[in-house]
Amino acid sequence: MKEFIYQTSLRMGFTIQEEDFEMLEKRLEAIKKLRNSVEDTTLGENDMALVNIPNGGDFA
Amino acid sequence: MTKELVYKSVGELAPLLEAKQLSPVEVTEAVISQIEQYNDLLNAYLRIDAEEARLAAKMAETEIMRGEYRGKLHGIPVGLKDIFYIKDKVVTMGSKIHQNFTPAYHATVIDKLVNAGMVYTGSLNMHEYAWGGTNDNPHFGPCRNPWDPEKIPGGSSGGSAAAVIAGLCIASLGTDTGGSVRIPAAACGMVGLKPTHGRVSKYGVFPLAWSLDHVGPMTKTAEDAAILLEYIAGYDANDPTTSQQPIPSYSDALAKDIKGMVIGVEEEFLKDLQPGVEQLFHKALKTLKSLGAEIKPIQIPSLQNAHYAEMITVLAEASAIHHHNIKTRPEDFGKDVRISLQLGELPSAVEYVQAQQIRHRMKKEFQEAFKSVDAIIAPTLPFTAPTIGQEISLLNNKELRVADELIRLQSPANLTGLPSISVPCGLSDGMPVGIQFYGNAFNEQIILNIAHVFESTNPMQNKKPQLAGVIENV
């Protein structure tokens, strides 16, 4: 995990202070756990990825 | 009388101001006096514009005396979260990086409030860049909860909530990306409304995450939220996400009862609650039934993915906004925001796209639910306001991260763009608890009315924060 964080920071061009690594790892781990529920969900081609929600989400 | 004025709502003050029985100068002086007395304790204001407020109040008084009453906000002291662009004023977003930022124009909502004749009292504390729910600000100090200064007021619009409920202004506006209007409203015992995405312009409001951001009223009552929304709602050519949908009279909608209304309950919203919150939630259900509403179980399966979708979306969008500064001056961010911004650089593009797919599915499921219900009820927060600096909360024998729990029950409204209002439902161990009503898109009038009718049962029993005897119970 630490290596992934480090390599991504190099690619994206930011520097992580040593003291921040532990917290970053913990929080990334938490997101990974949340993701488990998504892996179990079947997202199909009809579940469109609307990056922005225009006008309240086309509900009108 | 002077002291009591600061605890009054817009709805109570406006008729007195219109009838010239009360002067805006009198109200403003009472508010300034309250600020002088309690702001050191609460740290709600980052900047107090007392002299400008006095001038604006005098001008409002002159206009009203000349018979030029502009409407219900004319002469009302309003403090604003330090995220709304105000021309020629320093707007910090609660940050060090923007400590000298002076916009050259007003945000659209500021233009609207100025035209309505508000008396601007100053800028209010917030979580740095709105990226967090505690308002524990490393650059300006934590804002404190008027019910217990050791507790957080919630965030990110914590200064707005603390100021309104403690009488340091009469009403306010906040921004809400994952609950930042409703979290502090619930934690401080007041009303917070996140309108439908596109109902209120965000032009001139510094973004946290574009697709999730909203602007909404923070007020003492549902009536005041309706009044403020009437002023700030509407299409704005400068904000392409705004809607041309007609704006109903939200105030007029409050006259209705809720007999026969169907209110949905989704079990997912009732997981891992503090016992006191759970108790008050069920008491609120009973109250709503006694008022004639029908309570109906509903299912929105994608709610189980809501927290993931919210986190991925806000992390990615916020990090895109701050990418340059996180590369070049990370030390100028507070630690929690710095870590969140670095974290937002890590998820993959696939994760972001899938988060948007989840949002789309969730919208469809909410749409389906709203075919059979008028509103959906949920607790606003799973707990009462945590202590400042507290990182973990024990809920249902689980150690859960406070920062995550603050947004868990609210983010579905941001993900879907649906309106949601938080209203107080009582006190648990002396701290306020809120419930929220989700509504269908552009149906703010329905949830405002439900909140108003519920509020009329007086769930707070007229209790106000006493700050351990410092603020009087009036």
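Protein chains in written order, with my numbering: chain L, 1172 to 1231; chain B, 7 to 480.
Where is the CB? At the ideal position from N, CA and C, for every residue including glycine.
With 16 other CB atoms within 10 Å as the buried threshold, where does residue i fall?
i	result
Phe-1230 of chain L	Below a pLDDT of 50, predicted positions are generally treated as unreliable, and Phe-1230 of chain L, at 43, falls in that range; the measurement from the model is reported next regardless. By the 10 Å Cβ count, Phe-1230 of chain L comes out buried.
Leu-400 of chain B	exposed
Ile-383 of chain B	buried
Glu-461 of chain B	buried
Asp-142 of chain B	buried
Pro-471 of chain B	buried
Thr-98 of chain B	buried
Pro-465 of chain B	buried
His-133 of chain B	buried
Val-343 of chain B	buried
Lys-95 of chain B	buried
Lys-226 of chain B	buried
Gly-1227 of chain L	With a pLDDT of 48 at Gly-1227 of chain L, under the threshold of 50, the modelled position of that residue is not reliable, and the figure given next carries that caveat. Looking at its Cβ environment, which holds 16 or more other Cβ atoms inside 10 Å, Gly-1227 of chain L is buried.
Leu-11 of chain B	buried
Arg-407 of chain B	exposed
Val-480 of chain B	Low confidence applies to Val-480 of chain B: its pLDDT is 40, below 50, so where it sits in the model is not reliable, and the reading given next is rough at best. Val-480 of chain B should be labelled exposed.
His-288 of chain B	exposed
Glu-1216 of chain L	exposed
Asn-402 of chain B	exposed
Thr-8 of chain B	exposed
Glu-42 of chain B	exposed
Out of the options, which one is the CA nearest neighbour of residue i?
i	options	result
His-266 of chain B	B:Thr-202, B:Ser-296, B:Gly-85	According to the sequence provided, residue 266 of chain B is Gly. The question's His does not apply to it. Taking only the C-alpha atoms, the option nearest Gly-266 of chain B is B:Ser-296.
Leu-433 of chain B	B:Trp-153, B:Val-211, B:Ile-394, B:Tyr-241	B:Trp-153
Leu-349 of chain B	B:Thr-334, B:Met-317, B:Phe-372, B:Lys-26	B:Met-317
Lys-87 of chain B	B:Leu-309, B:Thr-202, B:Gly-161	B:Gly-161
Val-120 of chain B	B:Gln-105, B:Ala-62, B:Tyr-44	B:Ala-62
Gln-250 of chain B	B:Arg-205, B:Val-221, B:Glu-273	B:Arg-205
Leu-1181 of chain L	B:Ala-361, B:Glu-272, B:Glu-351	B:Glu-351
Glu-273 of chain B	B:Leu-309, B:Gly-298, B:Ser-257	B:Leu-309
Ile-304 of chain B	B:Ile-269, B:Glu-156, B:Lys-292	B:Ile-269
Phe-1175 of chain L	B:Ser-354, B:Gly-340, B:Glu-371, B:Pro-190	B:Ser-354
Gly-423 of chain B	B:Asn-449, B:Asp-435, B:Asn-402	B:Asn-449
Ile-332 of chain B	L:Lys-1173, L:Leu-1199, L:Thr-1186	L:Thr-1186
Lys-64 of chain B	B:Ile-92, B:Glu-35, B:Ile-41, B:Asp-46	B:Glu-35
Pro-190 of chain B	B:Glu-374, B:Lys-157, B:Pro-201	B:Lys-157
Gly-195 of chain B	B:Lys-78, B:Ala-228, B:Pro-30	B:Ala-228
Ile-301 of chain B	B:Phe-443, B:Val-125, B:Lys-78	B:Phe-443
Phe-275 of chain B	B:Leu-412, B:His-329, B:Ala-169, B:Thr-247	B:Leu-412
Val-33 of chain B	B:Met-124, B:Cys-149, B:Tyr-111	B:Met-124
Glu-1210 of chain L	B:Lys-78, B:Pro-109, B:Glu-357	B:Glu-357
Arg-89 of chain B	B:Pro-281, B:Pro-213, B:Asp-435, B:Ala-375	It should be noted that the sequence gives Ile, not Arg, for residue 89 of chain B. Here the closest residue by C-alpha is B:Pro-213.
Val-320 of chain B	B:Ala-290, B:Thr-293, B:Asp-410, B:Ser-255	B:Asp-410
Ala-391 of chain B	B:Ile-92, B:Thr-463, B:Pro-155	B:Pro-155
Ser-1208 of chain L	B:Glu-374, B:Lys-102, B:Pro-307	B:Pro-307
Contact defined as beta carbons within less than 8 Å: I believe residue i pairs with residue j. What is the distance between those atoms, to the nearest angstrom?
i	j	result
Leu-48 of chain B	Gly-85 of chain B	Their Cβ separation, rounded to whole angstroms, is 12 Å, which puts Leu-48 of chain B and Gly-85 of chain B out of contact at 8 Å.
Tyr-13 of chain B	Gly-173 of chain B	5 Å
Leu-387 of chain B	Ala-193 of chain B	7 Å
Glu-405 of chain B	Ile-398 of chain B	5 Å
Ser-417 of chain B	Ala-322 of chain B	Actually they do not touch by this definition, with Cβ atoms about 14 Å apart.
Ile-54 of chain B	Asn-45 of chain B	7 Å
Val-187 of chain B	Lys-200 of chain B	5 Å
Ile-327 of chain B	Gly-210 of chain B	Actually they are not in contact, since the Cβ atoms of Ile-327 of chain B and Gly-210 of chain B sit about 15 Å apart, beyond 8 Å.
Cys-175 of chain B	Pro-159 of chain B	Not confirmed; about 14 Å, so no contact.
Lys-1204 of chain L	Phe-1192 of chain L	That belief does not hold up - the Cβ atoms of Lys-1204 of chain L and Phe-1192 of chain L are roughly 19 Å apart, past 8 Å.
With which residues is residue i paired in a DSSP beta bridge?
i	result
Ile-427 of chain B	B:Leu-199, B:Phe-443
Asn-151 of chain B	B:Asp-154
Tyr-569 of chain B	As shown, chain B starts at 7 and ends at 480. That puts residue 569 of chain B outside it, with no answer to give.
Leu-415 of chain B	DSSP output for Leu-415 of chain B lists no bridge partner at all.
Gly-270 of chain B	B:Lys-302, B:Ile-382
Gly-432 of chain B	B:Val-439
Glu-405 of chain B	B:Leu-400
Phe-275 of chain B	None; Phe-275 of chain B has no bridge partner.
Thr-225 of chain B	B:Val-197
Ile-54 of chain B	B:Gly-128
Ala-6 of chain B	A query on residue 6 of chain B cannot be resolved here, the shown segment of chain B reaching from 7 to 480 and no further.
Phe-90 of chain B	B:Val-211
Cβ of residue i less than 9 Å from any chain D Cβ?
i	result
Pro-21 of chain B	Absent from the structure: chain D. Protein chains present are L and B.
### Task
Identify each residue in the segment 1173 to 1192 of chain L for which the Cβ-Cβ distance to at least one residue of chain B is less than 8 Å, and report them in chain order.
Phe-1175, Ile-1176, Thr-1179, Ser-1180, Met-1183, Gly-1184, Phe-1185, Thr-1186, Ile-1187, Gln-1188, Asp-1191
### Query
Using a beta-carbon distance cut-off of less than 8 Å, what residues from the segment 1202 to 1213 of chain L approach chain B?
Ile-1202, Leu-1205, Arg-1206, Ser-1208, Val-1209, Thr-1212
### Message
Counting only Cβ-Cβ distances shorter than 9 Å, please list the residues of the segment 346 to 373 of chain B near chain L, keeping chain order.
### Response
Ser-346, Leu-347, Gln-348, Leu-349, Glu-351, Leu-352, Pro-353, Glu-357, Tyr-358, Val-359, Gln-360, Ala-361, Gln-362, Gln-363, Ile-364, Arg-365, His-366, Arg-367, Lys-369, Lys-370, Phe-372, Gln-373
#### Entry: Within 7 Å of chain L by C-beta, residues of the segment 325 to 336 of chain B in sequence order
Ile-332, Lys-333, Pro-336
### Query
Taking Cβ-Cβ distances below 7 Å as the criterion, which residues of the segment 295 to 325 of chain B are in contact with chain L?
Gln-310, Asn-311, His-313, Tyr-314, Met-317
### Residues, ordered as in the chain, of the segment 409 to 427 of chain B that lie near chain L by beta-carbon distance below 8 Å
Asp-410, Thr-422, Gly-423, Leu-424
### Message
Under 8 Å, CB to CB, which of the residues in the segment 184 to 195 of chain B have a partner in chain L?
### Response
none
### Query
Which residues, in chain order, does the segment 45 to 67 of chain B contribute to contact with chain L at a C-beta distance below 8 Å?
none
### Message
Beta carbons nearer than 9 Å to chain L: which residues of the segment 138 to 151 of chain B have them?
### Response
none
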